[in-house]
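Step one of this worksheet: look at the structure below.
In this note's numbering, the protein residues as written are 333 to 942.
Printed below as a string of structure tokens:
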């Protein structure tokens, strides 16, 4: 079967200079460029997993990321793409786009089945079919097995009636099949990394906690399931070998839930000599000194921690089950071994007031994370916030089908005055904020704990450079290179910047040339090379024009806009289907939605009139 897996845009995106859609299918009135979080455009990992299962089963599969395409381009793609089955990933932010793409597909391919899955579809499976007549099936939760059963039934001409884990149509009615158990052994699933070169990696599913705002349980079910250590190590070994830049973002909901598993993973990475840098998301109460030490030696550069608030009252209200002191203690432990700490913070949770908001700001100065980023509370279907908001009567589920908002960002119960205070502050402080950075002496102490650790040497080089200790910076950068730093281009970038500070222009150019050959995707290297090129084009050395370069080596990946990972250009043959792959003889068998940066919407627009 020819299967098209699509990640639709949020709405009908107009071309530059083109007016918004006259029928109201364009961006919401309050939308401003940049409101959609950059993560929105990354292909959902679940869609790649669905693709991997279908490819292994012998089907022809095309995965297309349409998330940033103009509507004219979307229509061009759909006119060319003649598939036997279409499936889409539906999130709250792109739900309108999913409905529009389904309608456009049905107009062109009246008989092709259309399947919708994803975090927004799971709690609204029946409602999606009732509101969007073009959609034939809506899957619930993790959908690899459900989707393959849909494909098998359709291929055999069998009815979808009774299909577990999905809503479907039968004789003009919308029916809901029985629930489907989660995949118990995740090792039986084909890895997306066998077919796609993505820097995103998921090694587990689920979270044992149940914060009021989070939809993880809605997607994965209750509890935690992890791939085995050998499975993950095999995936890492093959993936790192293929990636042009050796950086991976581990996006498990709570990566360190099983500490022994992560310890074994970290030691396995070192035993197999898999050289790469990585980050992960987790909680402050599932860390510890031994774990953090092993994680750093295995290449961990950054922890992203779901902190949400610095107010004990709010932490209790959202059922976070952590304390302010635990947050600070875990942060200090991570910093002890040079792991950068990023806090995910929230505004507008239940019980939020001006007092708790100011308490959170004071907490940040006390805790001193390296970075933090705030988001406004979004009410996602399937969360406890959603259930309680609908039960109390101030939120009507129908608004998710009639409203044009990108995500439902409203404070849970804050007063209008406090909401205005938070919104005004947020407008001036949205986005990633830098907060703390170690000095050279602190970096030297970290290196002493880790001994001859290449990334720690590069951290020392960066810190010494900031303090104008160029000889020490050069010594540490050279040592990091000698030790086989996973990103040699970053070490060369540091040496090039040092050469520039010394006005050794020829040496600088040679080092940048070599760095570009090794790591062309690192953000600081790209910026520096662009600055040098512009400086040389303007005869900077002859004019004595200052050259300001960056010696930063923070963990940050500049991803290529390559399909399907990011919505880059489509290949010329995206509508051409090759011969079907041979069917396997014995086939092996985000994440909760997160808020973007848009400000709160007035809650009174969403009240139910009773």
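Virtual Cβ for every residue (Gly too), placed ideally from N, Cα, C.
Whole-number beta carbon distance between residue j and residue i, since they are thought to touch under 8 Å
i	j	result
residue 417	residue 445	5 Å
residue 753	residue 706	Not quite, the Cβ-Cβ distance comes to about 13 Å (not below 8 Å), so this is no contact.
residue 402	residue 347	5 Å
residue 543	residue 651	6 Å
residue 449	residue 341	Rounded, the Cβ-Cβ distance is 17 Å, inconsistent with contact.
residue 381	residue 521	7 Å
residue 851	residue 843	About 12 Å separates the two Cβ atoms, so there is no contact after all.
residue 758	residue 679	6 Å
residue 323	residue 847	No information on residue 323 is available, as it lies outside the stretch 333 to 942 that the chain covers here.
residue 526	residue 384	6 Å
residue 666	residue 635	5 Å
residue 853	residue 572	Not really, about 14 Å apart at Cβ, beyond 8 Å.
For residue i, the first and last residue of its enclosing alpha helix (DSSP H)
i	result
residue 545	First-last for residue 545: undefined, no H or E at that position.
residue 809	802-814
residue 891	Taken as a continuous stretch (DSSP letters only), residue 891 belongs to no alpha helix (DSSP H), as it is neither H nor E.
residue 863	855-869
residue 657	656-668
residue 401	Run containing residue 401: none; DSSP gives neither H nor E here.
residue 751	748-761
residue 433	427-440
residue 844	837-850
residue 627	621-629
residue 731	731-734
residue 413	Neither: residue 413 is in no alpha helix (DSSP H) and is coded neither H nor E.
residue 352	It is not in any alpha helix (DSSP H) - residue 352 carries neither H nor E in the DSSP assignment.
residue 385	377-388
residue 647	644-649
Buried or exposed by the 16-neighbour rule on C-beta atoms within 10 Å, applied to residue i
i	result
residue 426	buried
residue 878	exposed
residue 478	buried
residue 356	exposed
residue 640	buried
residue 594	buried
residue 723	exposed
residue 866	exposed
residue 374	buried
residue 751	buried
residue 483	buried
residue 549	buried
residue 335	buried
residue 761	exposed
residue 367	buried
residue 349	exposed
residue 746	buried
residue 439	exposed
residue 903	exposed
residue 502	exposed
residue 476	buried
residue 559	buried
residue 741	buried
The beta strand (DSSP E) enclosing residue i, as first and last residue numbers
i	result
residue 945	Lying outside 333 to 942, the shown extent of the chain, residue 945 is not represented and no answer is given.
residue 449	446-449
residue 420	417-421
residue 794	No beta strand (DSSP E) contains residue 794, which is instead part of the alpha helix (DSSP H) from 786-798.
residue 609	609-614
residue 579	579-582
Opposing strand residues paired with residue i [DSSP bridges]
i	result
residue 681	In the DSSP output, where bridge partners are listed per residue, residue 681 has none listed.
residue 703	674, 766
residue 558	536
residue 710	741
residue 478	Bridge partners of residue 478: none, in fact.
residue 502	505
residue 394	336
residue 469	447, 500
Stretch-stretch touch, CB-based, cutoff 8 Å, three pairs: the segment 605-614 with the segment 584-597: yes
Segment contact, 8 Å Cβ cut-off, at least three pairs: the segment 552-562 with the segment 530-537: yes
Touch test, the segment 821-833 against the segment 872-886, Cβ-Cβ under 8 Å, three pairs minimum: yes
Any 3 or more C-beta pairs closer than 8 Å across the segment 395-412 and the segment 494-505: The segment 395-412, when compared against the segment 494-505, does not touch it at the 8 Å Cβ threshold.
Sufficient close CB pairs (3 or more, under 8 Å) joining the segment 771-781 to the segment 792-801: yes
Stretch pair the segment 682-702 + the segment 509-524: three plus CB contacts closer than 8 Å: With contact defined as three or more Cβ pairs closer than 8 Å, the segment 682-702 and the segment 509-524 are not in contact.
The segment 727-741 contacting the segment 648-664, beta-carbon criterion three pairs below 8 Å: Segments in contact, no.
Cβ contact (3+ pairs, closer than 8 Å) linking the segment 501-509 and the segment 434-445: Because the criterion of three Cβ pairs below 8 Å is not met, the segment 501-509 and the segment 434-445 do not touch.
The segment 630-639 / the segment 600-611 touching (three or more Cβ pairs under 8 Å): yes
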